[in-house]
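Working notes, structure below.
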Amino acid sequence: MPFSIMSLREKEYFMKISTEIDSIALHVGEEKAVELVAKAGFDAWDFSMFQMCEKKNGVLVPTDHPTAQGDYLAFARKLKQIGLDNGIVCNQAHAPFPSSPKSVYWLKRAIECTAEAGGSICIIHPMNNGTPKDNAQMYFELLPFAKEHNVKIATENMWNWSRLRRHSTFAACATPESFNAHLDAVNDEFFVACLDIGHAEMKGSNTTAVEMVKALGKRLKALHIHDNDKLNDSHQIPFSMDIEFQPIVKALNEIGYDGYFTLEASSYLENKASDDLLDGIVQLKNSARKLSTMFDEQN
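Converting from the sequence shown to the working numbering requires adding 92 to each position, the first position being numbered 1.
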């Protein structure tokens, strides 16, 4: 029988919380993942479509995942209904990557799946080494399709890695200047920003999450929240490593951020046994709720 474990008290929070489902689906599949996210107490789920394709020679090719099959829209609708039956919604989605003009077919499919699942934003990575103009051309090809489906496209701050320096180096949208240049190059209300907190805090990014939040302002409509050691892209549960979240939450409050607090702590559940999976998701929820409480208390 469908139910949600969310208490009335949790539903009263202003800032809603969500999490990616890919790391859970690798254990139990997407259908059960959405149910467990609801049972743990999240308000929403992020439709992670990384399993749709795999990378071969820098290009996306389909897998045998349901999102890559002919009935992919029915699968997305099924996930939406499971969420609704359990009291939660899909707030956003993440297209497979790496992105490129050669992958537009699959990126459009991700936009379709986002719409069918009920999400309003689909995060589509920029090409790491593309200029704002290069990436704009790819997004221009996708935008009319996204508008038809009433889905906004969000670009994200990326990183490259220097083996010599042993830390991250510049990539598309990695700095406030680059991120805003990408947004300016497209200049469309259906093209917004998703800030990856962990990426912004990596050594070599030449910025901080606080600086990025303030620079993006009202253009910031989505988040990927996770923790790291300020060197590696660890994607760990918030408050477990070295990122200081209080000033980041304060900055989000100052710009009037009105999206969800969405976790992308995808490495946290990697080594969890099936019996411990729900407990792990509850711990993720607790960390996200701690962040949302910090935000709410400033209002």
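Using N, Cα and C, we set each Cβ at its ideal position, and we do this for glycine too.
### Query
Does DSSP put Q328 in a helix, in a strand, or in coil?
Position 236 of the sequence shown, counted from the start, is the residue given in the question as residue 328. Correct three-state label for Q328: strand.
### Message
Please give the ranges of any beta strand (DSSP E) in the region 301–353, keeping only runs that are unbroken, at least 3 residues long and fully inside the region.
### Response
312–316
### Task
Would you list the one or two residues that DSSP bridges to F139?
The sequence position of residue 139 within the sequence shown is 47, counting from 1. Paired residues: A185.
### Task
Please work out which residues of its chain come closer than 7 Å, Cβ to Cβ, to P268, disregarding the five sequence neighbours upstream and downstream, and give them in chain order.
Indexing the sequence shown from 1 puts residue 268 at position 176. Around P268: T299, E303, M304, A307.
### Query
Considering only residues of the same chain and omitting the five flanking positions on each side of Y164, which have a CB-CB separation below 7 Å?
Residue mapping note: residue 164 aligns to position 72 of the sequence shown, counting from 1. For Y164, where only same-chain residues beyond five positions count, the Cβ hits under 7 Å are P158, R201, C205.
### Query
Where do the ends of the beta strand (DSSP E) carrying K244 lie?
The residue given as residue 244 occupies position 152 in the sequence shown. Counting along the chain, the beta strand (DSSP E) containing K244 begins and ends at 244–248.
### Message
Using only the alpha-carbon positions, how far apart do T247 and K239 sit?
### Response
Here residue 247 refers to the residue found at position 155 when the sequence shown is read from its first residue. Here residue 239 refers to the residue found at position 147 when the sequence shown is read from its first residue. C-alpha separation (whole angstroms): 16 Å.
### Task
Please name the residue in Y349, G309, H291, G348 whose C-alpha comes closest to that of D321.
Stepping through the sequence shown from its first residue, residue 321 is reached at position 229. Nearest C-alpha to D321: H291.
### Query
Less than 9 Å separating the beta-carbons of V341 and M294?
The residue labelled residue 341 in the question sits at position 249 within the sequence shown. The residue labelled residue 294 in the question sits at position 202 within the sequence shown. Not a contact, by the Cβ cut-off of 9 Å.
### Message
Need the endpoints of the beta strand (DSSP E) that N298 sits in, please.
### Response
Indexing the sequence shown from 1 puts residue 298 at position 206. Where N298 is concerned, there is no enclosing beta strand (DSSP E), given that its DSSP letter is neither H nor E.
#### Entry: Buried versus exposed call for K310 [16 or more other C-beta atoms within 10 Å across all chains shown]
Here residue 310 refers to the residue found at position 218 when the sequence shown is read from its first residue. Per the 10 Å Cβ criterion, exposed.
### Task
Run through the region 136–180 for me and flag every whole alpha helix (DSSP H) of 4 or more residues, listed as ranges in chain order.
164–177
### Task
Please name the residue in F139, F262, S254 whose C-alpha comes closest to that of I180.
Mapped onto the sequence shown, residue 180 falls at position 88. Ranking the options by Cα distance to I180, first place goes to F139.
### Message
Between the alpha carbons of A273 and I215, how many angstroms are there, rounded?
### Response
Taking the first residue of the sequence shown as position 1, residue 273 is located at position 181. Taking the first residue of the sequence shown as position 1, residue 215 is located at position 123. For A273 and I215, the distance between alpha carbons rounds to 17 Å.
### Alpha carbon of L344 to alpha carbon of L355, nearest angstrom
For the purposes of this step, residue 344 is taken as residue 252 along the sequence shown, with counting starting at 1. For the purposes of this step, residue 355 is taken as residue 263 along the sequence shown, with counting starting at 1. If you take the alpha carbons of L344 and L355, they lie about 15 Å apart.
### Query
Taking just the CA atoms, how far does N391 sit from H217?
Within the sequence shown, the letter at position 125 stands for residue 217. Within the sequence shown, the letter at position 299 stands for residue 391. Distance between the alpha carbons of H217 and N391: 32 Å.
### Message
What would DSSP say about L256, mapped onto helix, strand or coil?
### Response
As a first step, residue 256 must be located in the sequence shown, where it is residue number 164. Coil.
### Task
Rounded to whole angstroms, what's the CA-CA distance from S212 to T261? Just pull it up for me.
Start at 1 with the first residue of the sequence shown, and residue 212 comes out as number 120. Start at 1 with the first residue of the sequence shown, and residue 261 comes out as number 169. Those two C-alpha atoms are separated by around 31 Å.
#### Entry: With 16 other Cβ atoms within 10 Å as the buried cut-off, status of E233
Residue mapping note: residue 233 aligns to position 141 of the sequence shown, counting from 1. Result: exposed.
#### Entry: Proximity of N252 and N220 at Cβ, strictly below 9 Å
In the sequence shown, counting from the first residue as 1, residue 252 sits at position 160. In the sequence shown, counting from the first residue as 1, residue 220 sits at position 128. Yes; because the gap between Cβ atoms is below 9 Å, this pair is in contact.
### Query
For T206, does the three-state DSSP call read helix, strand or coil?
By 1-based counting over the sequence shown, the position of residue 206 is 114. Note: T206 maps to helix in three-state DSSP.
### I116 and A125 closer than 9 Å at C-beta
As a first step, residue 116 must be located in the sequence shown, where it is residue number 24. As a first step, residue 125 must be located in the sequence shown, where it is residue number 33. In contact: I116 and A125 (Cβ atoms closer than 9 Å).
### Message
Short of 6 Å in beta carbon distance, which residues of its chain neighbour M93, apart from the five on each side in sequence? Order them along the chain.
### Response
For the purposes of this step, residue 93 is taken as the residue at position 1 of the sequence shown. For M93, the predicted model reports a pLDDT of 34, less than 50, meaning its position is unreliable; a value from the coordinates is still stated below. Contacts found: none.
#### Entry: Beta-bridge pairing of I213 - partner residues as DSSP gives them
For this step, residue 213 is matched to residue 121 along the sequence shown. According to DSSP, which records beta bridges pairwise, I213 is partnered with Q184, K244.
### Message
Let's see if you can read the secondary structure: which residues bound the beta strand (DSSP E) around I113?
### Response
Counting from 1 along the sequence shown, the entry for residue 113 is found at position 21. From DSSP, I113 is part of no beta strand (DSSP E); its letter is neither H nor E.
### Task
May I ask you to verify whether the region 316–335 touches the region 376–386, counting CB pairs closer than 8 Å and requiring at least 3?
yes
### Query
From what residue to what residue does the alpha helix (DSSP H) around F271 run?
As a working mapping, residue 271 is identified with position 179 in the sequence shown. Run containing F271: 268–278, per the alpha helix (DSSP H) assignment.
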